[in-house]
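Residue numbers (my numbering): 12 to 344.
Below: one structure, written as structure tokens.
Shown next, in the form of structure tokens:
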């Protein structure tokens, strides 16, 4: 029998959510703020290729290289050559776009202006966050002690996920069938026999690759247990098919926690700064926006906050912990 672990309902959608990936330019804001051009390597301005008399420089290649997470030193040369080929293709497309006037297209100009405003605004937010102080040793220890599932009791989980399209009134019957099933295969057969639409997959995830709001519940599960969650389209079943212990001691976790707490402090400092700017500004809503907001829920992915970190999503393969992964896991793929 699959042991059914009762958990609160969730409205997070039909799958444990990933994190939004922003563009490479936004990823680079932290590197751009405070960068001193005079400190650049003299070779950075040297051309790497010429495309119809237009140069592609080493600096352009290095800029893209900075966005490549987990790149090993021995991979740099090969990656640089691949990046150069992409930049050549980009330059060719850019030149052709200019030739046919796309750079003057109203929609393109609108996109360029939106990107410019976003980049400049994020640069200010990054600067505002620099006021944050480095966390103390006591704060690091407190975080370590309060999150055993991430550190001292960390496990590697083999998870099976089944996303089911169903009506709310069918959830009690599904929960009952899940508890009565001897295996997940038996539960799947029940879904097929009753014409439920569903999709399933299996993945191996480390503790830090799971959403923090789900980790504690999964960490309390024993191998073979399952949980059923209500979602926007029906239900989601998560089965802990297996797990193995792989703890992280405090010494190893300290630099990761320090970076995570510092990033969080920067975010809070930036949010406080934006809040003060709002308080000091004269903001007037006009037209249809002057009326109260509609009560209908917004569907789809929410827009990222200006103070949200502009970092790429974790690929799910890196070990050990990374600062960005704490509290930000990918969920199941």
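Ideal placement from N, C-alpha and C gives every residue a C-beta, glycine not left out.
All values reported here derive from a predicted model rather than from experimental measurement.
By the C-beta density criterion, residue 219 is buried, having at least 16 other C-beta atoms within 10 angstroms. Note on residue 72: 16 or more other CB atoms within 10 angstroms of its CB, so buried under the neighbour-count rule. Here the alpha carbon of residue 186 sits roughly 19 Å from the alpha carbon of residue 212. Restricting attention to alpha helix (DSSP H) runs no shorter than 4 residues, the region 168-196 encloses them at 182-191, ordered along the chain. For the region 124-168, not one full-length beta strand (DSSP E) segment reaches 3 residues or more.
For residue 96, the enclosing alpha helix (DSSP H) stretches over residues 87-110. Residue 209 carries a strand assignment under DSSP once its states are collapsed to helix, strand and coil. Around the beta carbon of residue 297, a 10 Å sphere encloses fewer than 16 other beta carbons of the protein chains shown; the residue is thus reported as exposed.
With a cut-off of 8 Å on Cβ pairs, the region 258-276 is in contact with the region 143-154, counting three or more such pairs. The alpha helix (DSSP H) runs lying completely inside the region 64-88 and spanning 4 residues or more are 69-76, given in chain order. Taking every protein chain shown into account, the CB of residue 205 has fewer than 16 other CB atoms within 10 angstroms, so this residue is exposed. Per DSSP, residue 268 has no beta-bridge partner at all. The beta carbons of residue 239 and residue 246 sit closer together than 8 Å.
As a beta-bridge residue in DSSP terms, residue 249 pairs with 172, 238. Secondary structure of residue 60 (DSSP, three-state): strand. The DSSP-derived three-state label of residue 215 is strand.
Burial is judged here by how many other beta carbons sit within 10 angstroms of a residue's own beta carbon; residue 254 has at least 16 and is buried. Shown here, residue 287 sits in a helix according to DSSP, grouped into three states.
Straight through space, the alpha carbons of residue 67 and residue 156 are spaced by roughly 50 Å. Judged by DSSP secondary structure, residue 224 falls within the alpha helix (DSSP H) whose first and last residues are 223-230. Counting the other CB atoms within 10 Å of its CB gives residue 216 a total of 16 or more, which places it among the buried residues. With a 10 Å radius around the Cβ and a threshold of 16 neighbouring Cβ atoms, residue 271 comes out buried. Just so you know, the alpha carbons of residue 279 and residue 140 end up roughly 8 Å apart.
For the options 160, 102, 81, 83, the alpha carbon positioned closest to that of residue 64 is the one of 102. When only Cα atoms are considered, residue 87 and residue 96 end up about 14 Å apart. Scanning its chain for C-beta atoms nearer than 7 Å, with the 5 sequence neighbours on each side dropped, one finds no residue around residue 122. For residue 250, same chain residues with a beta-carbon under 6 Å away, outside a window of 5 residues either side, are 171, 195, 237 in chain order. Going by beta carbons, residue 176 and residue 198 fall outside the 8 Å limit.
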